[in-house]
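Input: a single structure, listed below in structure tokens.
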Amino acid sequence: MKSTTKNNRNQKTSNLPLSIGSGVRAAAKVGAAILGFHLFGSSFLWVVLALLFCSNLLRGIFSCLLSFVVLIGLFSFLFTLIC
7 MKSTTKNNRN QKTSNLPLSI GSGVRAAAKV GAAILGFHLF GSSFLWVVLA LLFCSNLLRG
67 IFSCLLSFVV LIGLFSFLFT LIC
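Residue numbers (our numbering): 7 to 89.
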């Protein structure tokens, strides 16, 4: 039990949201969003927000569509081999 509490006291990780290396990447993303808003107007901002909030949903839809296309290709290949 002592070793568990000792390990909990000496944590090597921090709970900070950004590390030193990712600060530049985050600044580049914010800069790209500002530039897009300046060039394309508020519609660009809505598209960026939709992509941020719906990325998991869009990734699932694209994965399903890709699987569907692969299955169609496989079945058409098998059908041409049989006939």
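Glycine included, each C-beta is placed from N, C-alpha and C at the ideal position. Small disclaimer: the values here were computed from a predicted structure and weren't measured.
**Asked** For glycine 47, which of helix, strand or coil comes out of DSSP?
**Response** Assigned with DSSP and collapsed to three states, glycine 47 falls in coil, not helix or strand.
**Request:** Starting from the N-terminal side, write out each stretch of the alpha helix (DSSP H) that is 4 residues or longer and does not extend beyond the stretch 26-85.
**Result:** Taking only runs of at least 4 residues, the alpha helix (DSSP H) segments lying wholly in the stretch 26-85 are 28-46 and 48-59.
**Request:** Using the Cα positions of glycine 29 and asparagine 62, report the straight-line distance between them to the nearest angstrom.
**Result:** Their Cα atoms are separated by approximately 24 Å.
**Asked** How big is the Cα-Cα spacing for phenylalanine 68 and glycine 79?
**Response** Looking at the two C-alpha atoms, the distance is approximately 16 Å.
**Message:** Tell me the rounded alpha-carbon separation between histidine 44 and leucine 51.
**Reply:** In a straight line, the C-alpha of histidine 44 is about 10 Å away from that of leucine 51.
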